[in-house]
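For the sequence shown, my numbering begins at 206 and goes up steadily by one.
Below: the structure, in structure tokens.
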Amino acid sequence: MQELIEKAAVLIEALPYIQQFRDSVVVVKFGGSAMEKAECTRSVIRDVVFMECAGMRPAVVHGGGKAITARLAEEGIETRFVNGLRYTCSETIRVVDDVLHNQVNADLVRMMSDLDGKPHSVSGKNVLRAERATTTDRETGEEEDLGFVGRVVNVDTEQLRWILGRREVPVITPLGRDMSDRVFNINADMAACEIAAEIQADKLVFLSDVPGLMRDPDDPGSLIPTVRRGEIEGLIEEGVISGGMVPKVRSAAAALDAGTKKVHMIDGRVQHSLLLEIFTDQGIGTQIIP
Numbered sequence: 206m207q208e209l210i211e212k213a214a215v216l217i218e219a220l221p222y223i224q225q226f227r228d229s230v231v232v233v234k235f236g237g238s239a240m241e242k243a244e245c246t247r248s249v250i251r252d253v254v255f256m257e258c259a260g261m262r263p264a265v266v267h268g269g270g271k272a273i274t275a276r277l278a279e280e281g282i283e284t285r286f287v288n289g290l291r292y293t294c295s296e297t298i299r300v301v302d303d304v305l306h307n308q309v310n311a312d313l314v315r316m317m318s319d320l321d322g323k324p325h326s327v328s329g330k331n332v333l334r335a336e337r338a339t340t341t342d343r344e345t346g347e348e349e350d351l352g353f354v355g356r357v358v359n360v361d362t363e364q365l366r367w368i369l370g371r372r373e374v375p376v377i378t379p380l381g382r383d384m385s386d387r388v389f390n391i392n393a394d395m396a397a398c399e400i401a402a403e404i405q406a407d408k409l410v411f412l413s414d415v416p417g418l419m420r421d422p423d424d425p426g427s428l429i430p431t432v433r434r435g436e437i438e439g440l441i442e443e444g445v446i447s448g449g450m451v452p453k454v455r456s457a458a459a460a461l462d463a464g465t466k467k468v469h470m471i472d473g474r475v476q477h478s479l480l481l482e483i484f485t486d487q488g489i490g491t492q493i494i495p
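In structure tokens, the structure reads:
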């Protein structure tokens, strides 16, 4: 009996959050090592299905780096990175397109369907207008070419809102297309931020392989539960936010500036981390607020 009472208490704790977030649009970015274990992926997809059934309107933007690297190795295509971004030649973009849509996206959609969710597969090529991106050499300061790596310049919000309006879950690949119909590989974090900003999502959630923003990366107890938009640049100057987290957090800040109400950074390796962050009093990650 006590176990049943405890289960009821969990449901009651979630009730005000379910009421508060009903009809809220939530963009979930899922990738990196959080995607590498099948049990983590199943946990995340189950959480997304729960959110949908609870009346929220989630959209998933996913990566697929490990699967892409594996396929490139199989085909004998060299993988190289420039300032943390995958250099994407014409052969690489062919593989990226195929793996993201026909393997990673298809697996996530199938998994969601098996849980009686309502997924809607979306190729980013059909909703993200892109242009060629470049980077700057950290030593020389000169511009470096990245091949078919792009940045988002426009989002087809009408199509995404139509899918969300049907109570379906868009599952989106981070690909874009330019005016000449060329396909570009887009950083999934950046794609998620642009989508969240343009559809003015209520929440943007990053699922990664760290608990959130921490003052000391080696001390889980140094997790920062809440960061305000105005504190971000100071934390970067202090070195609290560093490395690959800097562009992610700055993009999150841009999403907030565009109307997204809140950004969450949580550990996707924790079972049901999405539900714990959104539907419990304490939460488990870092929230970034205006």
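We treat Cβ as the ideally placed atom computed from N, Cα and C, and that holds for glycine.
Pair within 7 Å by beta-carbon distance, Ala458 and Arg434: yes
Going by C-alpha to C-alpha distance, which of Ala393, Asp386 and Ala397 sits closest to Thr362? Ala397
For the beta strand (DSSP E) that Ala335 lies in, which residues bound it at each end? Per DSSP, Ala335 is one residue of the beta strand (DSSP E) stretching across Leu333 to Thr341.
Beta-carbon separation of Ile429 and Leu418 under 7 Å? yes
Applying the criterion that 16 or more other CB atoms from any shown protein chain within 10 Å of the CB defines a buried residue, is Arg371 buried or exposed? exposed
Report, in whole angstroms, the separation of the C-beta atoms of Ile298 and Val388, which I expect to be a contact under 8 Å. For a cut-off of 8 Å, the C-beta gap from Ile298 to Val388 is around 6 Å, short enough to register as a contact.
State yes or no: is the C-beta of Gly473 within less than 7 Å of the C-beta of Glu482? No; because the gap between Cβ atoms is not below 7 Å, this pair is not in contact.
On a CA-only basis, which of Leu277, Ser248, Asn288 and Ile273 is nearest Pro452? Give me that one, please. Minimum Cα-Cα distance from Pro452 among the listed residues Leu277, Ser248, Asn288 and Ile273 corresponds to Asn288.
Quick check: what's the CA-CA separation for Leu380 versus Val445? 31 Å
Do Val376 and Pro263 have their CB atoms nearer than 7 Å? In this structure, Val376 lies away from Pro263, with their beta-carbon atoms at least 7 Å apart.
Across the stretch 315 to 323 and the stretch 241 to 258, are there enough close Cβ pairs to call them in contact, namely three or more that are closer than 8 Å? yes
Shortest alpha-carbon distance to Asp414 belongs to which of Val233, Glu241, Ile400 and Glu348? Glu241
Which value, in whole angstroms, describes the spacing of the CA atoms of Val233 and Asn310? 14 Å
Is it true that the CB of Lys466 sits closer than 7 Å to the CB of Asp394? no
Going by beta carbon distance, what residues of the same chain come within less than 8 Å of Asp383, once the five residues before and after it are set aside? Arg334, Ala335, Glu336, Arg337, Gly355 and Phe389
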